Every structure is written in structure tokens, then in C-alpha cells.
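**Q** Take a look at this one; I'll ask things after.
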Amino acid sequence: MAHRRRGVGVGRAGAAVYAKKAEELKATSLASAMETVEKLEVKLADFAKTHKKAIQHDPAFRAKFLDMCAPLGVDPLSAEKGFWGSMLGIGEFYYELSVKVAEVCLASRSRNGGIIRVSEVKDILTQRGTKFKFADSNNKSSYSEEDIITSVKKLSKLGSGFRTIKVGRVILIVSVPEELDDDHMQVMNLAEDNSYGQYGTVAVEDMARALGWDDDRSNRALELLLGKGMVWLDVHRGEKKYWFPR
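Okay, so the sequence shown: first residue is -10 according to the working numbering, each after it adds one.
See the structure below:
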């Protein structure tokens, strides 16, 4: 007795209908999402116009504004000649700040090997009385450490070797193209911890106690840092200490 295969044609037709419906829903969802983003961008532009002075002169407010822009894919920093650039001047501000930050980093490289605290860069710029175009001429501190970190991100996009790293609670600017691996980062973290020795210094013995490394691993990490001038070697009575210049 022959068995009839029922519902096969209907099943295929149904699958095609469902697939078409899914595509329609996807297109509708995408169009709705794009419309929502466009509305949010308009609101963001209105917000920027209303709070223009606060964005320009208040570093904390400026940082919050940039956080608002990021989820929408709006980058006022890269739009120097567009709407955001002409209205706020943020891109030009960060460009000028990045130039000044680079000057400080390069001028101090022979002293610190290309590693400097963000806070120190800010102190140097403040001491110089560095000002920028849209900043209040009477306010010499209208940029924050967060602004400096943002300006370094602009430099890093140019492939200049500039970047920030976090060591313990400290944010450092690295201005040498050499890539630091995890071992180098651990050595720098250890130097920030005075539980095993003098603050800002490390010794092979400290690394063995704190990190459990053998001499070969410790020396490999230290040799690169030493060769790049990031650490200095001090030998006292046969004891080697490596310290990070500040």
C-alpha cells in the first residue's frame, strides 16, 4: 500500500513565507533603529548647542559629553571641519593638546625612557601656562588628566607609538614604539608596590619572591626595559637595583 507524503509542499511554502516575514521584520527593525539613532543625534546636537560653553570650559562635563557621543558613533574629535568641529572646536582642542603632550613626552624621554605619568604631564603643562583656543584665557587648568588621555588616543591612531597604560592606580604615557608584554607590565606593577622593596625600584630577588620567577625570566624582562632606557641600573656593593626614573 502506497504511503502519501502529505504536507511537504505546504511545508516548503510555509518556510519560504516565514523566511520572507523574518526579512521584513529585520528590515523594519533596522529602519526603526536607524530612525531612533537619527533622533538621538538630533537631540545630542541640541544638547551640545545648549551646553556649548560647559563642554568647552568644564573638563568633567566634556568627558561626560564624549561618553554620550560614543554609543551613537559620533566622534567630535575627528570632525574638525564638520558640524561638530565648527560648533564646538573639540577636535582642534584635542589636536593642540596632543601636540603639547607629545612635546613634553619627547623632551623628557632621555630622563624617563619614554614613560611618564599623566599627572606629571599635566603639572608641566600647567606650570608652563599652556592655553588653548577655546579655553578661558584666565583659566590655565581648563583641561584635565582625562583630556590628556583622550589626546594620547588621537596620537596613537597616527601609529606614533604613543599610548597609555595603567600600572597599579597610576596611568602612564608610553612614547616609545616598543610593545610591552605582560612580563614587563608585571615588573612595572611591582615597582609601584613598596611591599617588596623601595618604591620605584625592583631587583631580581624581589621578582623571585613576589612573582615566583627564575633569574632568566627576570633578566629577560629587565634587559629590554634597560635597553630602552625605561629603567636605570644602580649597583651598590654588588647588589643590582633597577629603578624607574620619575
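Note that CB positions come from ideal geometry on N, CA and C, so glycine has one too. Keep in mind that this is a model prediction, so the values were computed, not measured.
1. Once DSSP output is grouped into helix, strand and coil, what is the label at Ile100?
2. Assign His173 to buried or exposed, taking buried as 16 or more other Cβ atoms, counted over all protein chains shown, within 10 Å of its Cβ.
3. Across the region 149 to 162 and the region 194 to 208, are there enough close Cβ pairs to call them in contact, namely three or more that are closer than 8 Å?
4. Pairs of beta-carbons, one from the region 100 to 118 and one from the region 46 to 60, closer than 8 Å: are there three or more?
5. Ends of the alpha helix (DSSP H) at Lys229?
6. Specify, as a first and last residue, the run of the alpha helix (DSSP H) that Lys143 falls within.
7. Identify whether Lys155 lies in helix, strand or coil by the three-state DSSP scheme.
8. Assuming Leu214 and Val176 make a contact with CB atoms under 8 Å, what is their CB distance in whole Å?
9. Are there 16 or more other CB atoms within 10 angstroms of the CB of Val159, so buried, or fewer, so exposed?
10. I'd like the list of long-range same chain contacts for Lys143, defined as Cβ closer than 6 Å, with 5 residues on each side in sequence excluded.
11. Terminal residues of the continuous beta strand (DSSP E) containing Val224?
12. Just to confirm, is the Cβ distance from Ile104 to Val163 under 8 Å?
13. Tell me the DSSP secondary structure of Val191 in three-state form.
14. Under 8 Å by Cβ, that's how I've got Trp232 and Val220 pegged, so tell me the actual separation to the nearest angstrom.
15. Buried or exposed for Val141, please, with buried defined as at least 16 other CB atoms from any protein chain shown within 10 angstroms of its CB.
16. Near Leu61, which residues of its chain fall below 8 Å by C-beta distance, leaving aside the five closest residues on each side in sequence?
17. For Gln45, does the count of other Cβ atoms within 10 angstroms reach 16, so buried, or fall short, so exposed?
18. Beta carbon of Ala210, beta carbon of Ser133: below 8 Å?
19. I need the DSSP call for Val163, collapsed to helix, strand or coil.
20. Do you know offhand how far Gly78's Cα is from Asp136's?
21. Check each candidate in Lys217, Gly218, Val193, Pro234 and name the one with the smallest Cα separation from Gly227.
22. Using CA atoms only, rank isn't needed, just tell me which of Lys230, His225, Asp204 is closest to Gly189.
23. Please say whether Lys89 and Thr119 have beta carbons closer to each other than 8 Å?
**A** Let's see:
1. Taking the first residue of the sequence shown as position 1, residue 100 is located at position 111. According to the sequence shown, residue 100 is Arg rather than Ile. If DSSP states are grouped into helix, strand and coil, Arg100 belongs with the helices.
2. Locating residue 173 in the sequence shown gives position 184, where the first residue counts as 1. Classification for His173: buried.
3. Short answer: they don't touch.
4. Cβ pair count under 8 Å is below three, so no.
5. What you label residue 229 is simply residue 240 of the sequence shown in a count that begins at 1. First-last for Lys229: 228 to 232, but that is the beta strand (DSSP E), not the alpha helix (DSSP H).
6. Reading the sequence shown from its first residue, position 154 is the one you call residue 143. For Lys143, the enclosing alpha helix (DSSP H) starts and ends at 134 to 145.
7. Within the sequence shown, residue 155 is the residue found at index 166, counting from 1. In the three-state reduction of the DSSP assignment, Lys155 falls in the strand class, which pools E and B.
8. Sequence index remark: in the sequence shown, residue 214 carries index 225 (1-based). Sequence index remark: in the sequence shown, residue 176 carries index 187 (1-based). So it is a contact: roughly 7 Å between Cβ atoms.
9. Residue mapping note: residue 159 aligns to position 170 of the sequence shown, counting from 1. Residue burial is scored here from C-beta neighbours: Val159 has fewer than 16 other C-beta atoms within 10 angstroms and is therefore classed as exposed.
10. On the sequence shown, position 154 is the one that residue 143 refers to. For Lys143, same chain residues with a beta-carbon under 6 Å away, outside a window of 5 residues either side, are Tyr83, Ser87 in chain order.
11. On the sequence shown, position 235 is the one that residue 224 refers to. DSSP places Val224 in the uninterrupted beta strand (DSSP E) bounded by 221 to 225.
12. Numbered from 1 along the sequence shown, position 115 holds the residue referred to as residue 104. Numbered from 1 along the sequence shown, position 174 holds the residue referred to as residue 163. Result yes, Cβ atoms of Ile104 and Val163 sit closer than 8 Å.
13. Along the sequence shown, one-based indexing puts residue 191 at 202. DSSP places Val191 in strand when its eight states are reduced to three.
14. Position 243 of the sequence shown, counted from the first residue, corresponds to residue 232. Position 231 of the sequence shown, counted from the first residue, corresponds to residue 220. Contact flag correct, Cβ pair sits at about 6 Å.
15. Locating residue 141 in the sequence shown gives position 152, where the first residue counts as 1. It counts as buried.
16. Position 72 of the sequence shown holds residue 61. Sequence-distant Cβ neighbours of Leu61 in its own chain, meaning closer than 8 Å and more than five residues away, are Val26, Leu29, Glu30, Leu33.
17. Taking the sequence shown and counting its residues from 1, one reaches residue 45 at position 56. With 16 or more other Cβ atoms within 10 Å, it is buried.
18. To locate residue 210, count along the sequence shown from 1; it is residue 221. To locate residue 133, count along the sequence shown from 1; it is residue 144. It is not a contact, given that the beta carbons lie outside the stated cut-off.
19. Here residue 163 refers to the residue found at position 174 when the sequence shown is read from its first residue. Of the three classes helix, strand and coil, the one that applies to Val163 here is strand, per DSSP.
20. As a working note, residue 78 is residue 89 in the sequence shown. As a working note, residue 136 is residue 147 in the sequence shown. Just so you know, the alpha carbons of Gly78 and Asp136 end up roughly 14 Å apart.
21. Position 238 of the sequence shown, counted from the start, is the residue given in the question as residue 227. The shortest C-alpha to C-alpha distance from Gly227 to any of Lys217, Gly218, Val193, Pro234 is the one to Val193.
22. Numbered from 1 along the sequence shown, position 200 holds the residue referred to as residue 189. Looking from the CA of Gly189, the closest CA among Lys230, His225, Asp204 belongs to Lys230.
23. In the sequence shown, the residue the question calls residue 119 occupies position 130. In the sequence shown, the residue the question calls residue 89 occupies position 100. The answer is yes: Cβ separation under 8 Å.
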